[in-house]
Amino acid sequence: MNLEGGVVGRYAPSPTGAMHLGNARTALLAWLHTRAQGGRHLLRFEDLDTGRVRPWAYDVTRMDLEWLGLDWDEEVIQSSRQARYEAAAARLDTYRCTCTRREVLAAVQDSAGAPHGAEPVYPGTCRAGSVSPARPAALRWRVPDTAVCVRDEWTGDTLCQDLTSEVGDVVLRRNDGVFAYHLAVVVDDAQAGVTDVVRGADLWPATPRQVALQRALGLPTPRYWHVPLMHDYRGERLAKRGGAPSVQALREAGTPAGQVLSSLAGSLGWAVPEQVNASDLLPFWRGQLGARHHKLR
Ligand code: GLU
Numbered sequence: 004m005n006l007e008g009g010v011v012g013r014y015a016p017s018p019t020g021a022m023h024l025g026n027a028r029t030a031l032l033a034w035l036h037t038r039a040q041g042g043r044h045l046l047r048f049e050d051l052d053t054g055r056v057r058p059w060a061y062d063v064t065r066m067d068l069e070w071l072g073l074d075w076d077e078e079v080i081q082s083s084r085q086a087r088y089e090a091a092a093a094r095l096d097t098y099r100c101t102c103t104r105r106e107v108l109a110a111v112q113d114s115a116g117a118p119h120g121a122e123p124v125y126p127g128t129c130r131a132g133s134v135s136p137a138r139p140a141a142l143r144w145r146v147p148d149t150a151v152c153v154r155d156e157w158t159g160d161t162l163c164q165d166l167t168s169e170v171g172d173v174v175l176r177r178n179d180g181v182f183a184y185h186l187a188v189v190v191d192d193a194q195a196g197v198t199d200v201v202r203g204a205d206l207w208p209a210t211p212r213q214v215a216l217q218r219a220l221g222l223p224t225p226r227y228w229h230v231p232l233m234h235d236y237r238g239e240r241l242a243k244r245g246g247a248p249s250v251q252a253l254r255e256a257g258t259p260a261g262q263v264l265s266s267l268a269g270s271l272g273w274a275v276p277e278q279v280n281a282s283d284l285l286p287f288w289r290g291q292l293g294a295r296h297h298k299l300r
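Here it is in structure tokens:
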């Protein structure tokens, strides 16, 4: 836990490919947020999904961050911390589940009250016992029958989700033994005493279930700042798989880092010179903090 009462922030990339400008902008904002408040900043590699990890991505990410001048005080690698996730899962009300994705989807489609959200809600088929004991089982958390509301500091919005009907029993460990991101993020943020989470807006809908996990484990809830994702000229979200230009390519092509930072700042509507240092942007973030709830699209 963070006993000094200062801000502890983090940037938590998944080493599944090269950082693109959208990742760099999130990394920049997370760094600015921590440093603007004189806090401690962590770099956490979220590499539990080993099938998607690219071994070279750790070093490339570190080099990209260093090149941009976004330093960190400590590094954490999730894949080395399995025992912590195991221990946390053991403290929760869980059951083994052998339903396949297809079975879950079929059950959802058959049920009268099928939700219209993008994400199918697990209907609890295995709650009373595994359907196919011979199959490898996932571990699911029996979510409390309650609603959880979370506030986002960037937009000022509050999101409430009913855990049973809108989220469903959360997978904590997949049937291939991989611990789920939702569990790991909650365990790691608490263990490091993270007070402020600055991350991409794509994770906002997952926040209530993470807060529910924090409550069930007796862990504190940090403040959340979900920052907008970057889009390309077609209006599509930048993605590692979508061929978005990588920071590594810009770096290796000899583009000045100051120019990349300047264009990231420009994309946030900040009026800055053509080349800047990361620390030149601190006053802009402080201004943003002052004008909280400013919606940026
Ligand atoms: N590893 C996640 C990602 O790269 C971020 C998780 C988080 O910041 O909570 O999208």
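So for the sequence shown, this note's numbering puts the first residue at 4; every next one is plus one.
Ideal placement from N, C-alpha and C gives every residue a C-beta, glycine not left out.
- Got a sec, what are the start and stop residues for the alpha helix (DSSP H) Asp199 sits in? Membership of Asp199 in any alpha helix (DSSP H) is not indicated; the residue belongs instead to the beta strand (DSSP E) covering Asp199 to Gly203.
- Message: Suppose only complete runs of 4+ residues qualify. What are the alpha helix (DSSP H) ranges in the region 66–121, listed by chain order?
- Response: For the region 66–121, whole alpha helix (DSSP H) runs of length 4 or above, ordered along the chain, are 85–93 and 104–113.
- Just reading off the alpha helix (DSSP H) that Leu166 is part of, what are its end residues? Looking at the DSSP string, Leu166 is not in any alpha helix (DSSP H), and its letter there is neither H nor E.
- With Val153 and Pro223 assumed to form a contact (beta carbons below 8 Å), what rounded beta-carbon distance in angstroms separates them? For a cut-off of 8 Å, the C-beta gap from Val153 to Pro223 is around 13 Å, too long to register as a contact.
- Using the beta-carbon count (16 or more within 10 Å), is Gln278 buried or exposed? Exposed, since its Cβ has fewer than 16 Cβ neighbours within 10 Å.
- Message: Looking at the ligand GLU, does it come within less than 7 Å of Gly54, judged from the CB to the closest heavy atom?
- Response: Judged by the Cβ position, Gly54 fails to qualify as a neighbour of the ligand GLU at the 7 Å threshold, every heavy atom of the ligand being at least this far.
- Environment of Thr198 [buried if 16+ CB atoms lie within 10 Å]: A buried status is given to Thr198, since no fewer than 16 other beta-carbon atoms sit within 10 Å of its beta-carbon.
- Do three or more CB pairs link the region 183–192 to the region 39–49 at distances below 8 Å? Yes, the region 183–192 touches the region 39–49.
- Message: At the level of alpha carbons, what is the spacing between Asn178 and Gln85?
- Response: Those two C-alpha atoms are separated by around 15 Å.
- Message: At a threshold of 7 Å, does Glu49 count as lining the ligand GLU (C-beta to nearest heavy atom)?
- Response: Glu49: yes, Cβ under 7 Å from the ligand GLU.
- Message: the ligand GLU and Val188: does any heavy atom of the ligand fall closer than 7 Å to the residue's C-beta?
- Response: Yes, the Cβ of Val188 comes within 7 Å of a heavy atom of the ligand GLU.
- Hey, Leu142 and Leu175 are a contact pair by Cβ (cut 8 Å); roughly how many whole angstroms apart? Yes, Leu142 and Leu175 are in contact; Cβ-Cβ is about 5 Å, under 8 Å.
- Message: Rounded to the nearest angstrom, what separates Met22 and Thr161 at their Cα positions?
- Response: Going by the C-alpha atoms only, they are around 30 Å apart.
- Task: State whether the region 59–78 contacts the region 33–46, with contact taken as three or more CB pairs (one from each stretch) at a distance under 8 Å.
- Result: The count of Cβ pairs closer than 8 Å, one atom from the region 59–78 and one from the region 33–46, reaches three, so the stretches are in contact.
- Message: So for Leu222, helix, strand or coil by DSSP?
- Response: DSSP places Leu222 in coil when its eight states are reduced to three.
- Evaluate Thr53 with the Cβ neighbour count: other Cβ atoms within 10 Å of its Cβ, from every protein chain shown; 16 or more gives buried, anything less gives exposed. Thr53 should be labelled exposed.
- Message: I'd like to confirm the pairing. Which residues does DSSP put opposite Ser249 in its beta bridges?
- Response: Residue pairing from DSSP places Ser249 in a beta bridge opposite His23.
- Whole-angstrom Cβ separation of Cys102 and Thr64, contact assumed at under 8 Å? The C-beta distance from Cys102 to Thr64 rounds to 35 Å, too long to fall under 8 Å, and the pair is not in contact.
- Rounded straight-line distance, which links the Cα of Leu95 to that of Arg87: Each residue's CA atom was taken as its position, placing Arg87 and Leu95 some 13 Å apart.
- Look at the alpha carbon of Gln213 and the alpha carbon of Gly72, and state the distance between them as a whole number of angstroms. Using only the alpha carbons, I get a separation of about 30 Å.
- Smallest Cα separation from Val107: which of Tyr14, Glu89, Val134 and Ala247? Cα-wise, what sits closest to Val107 is Val134.
- Query: Under the three-state reduction of DSSP, which class applies to Tyr61: helix, strand or coil?
  - Reply: Note: Tyr61 maps to helix in three-state DSSP.
- Message: Using C-beta distances below 6 Å, list every residue in its chain close to Arg226, excluding the 5 sequence neighbours before and after it, in chain order.
- Response: Hits under 6 Å: Glu156 and Asp199.
- Task: Decide if Pro118 is buried, meaning its Cβ has at least 16 other Cβ atoms within 10 Å, or exposed.
- Result: With a pLDDT of 49 at Pro118, under the threshold of 50, the predicted position of this residue should be treated as unreliable, and no value is reported.
- Query: Tyr184 bridges to which residues according to DSSP?
  - Reply: Looking at the DSSP assignment, Tyr184 forms no beta bridge with any residue, so it has no partner.
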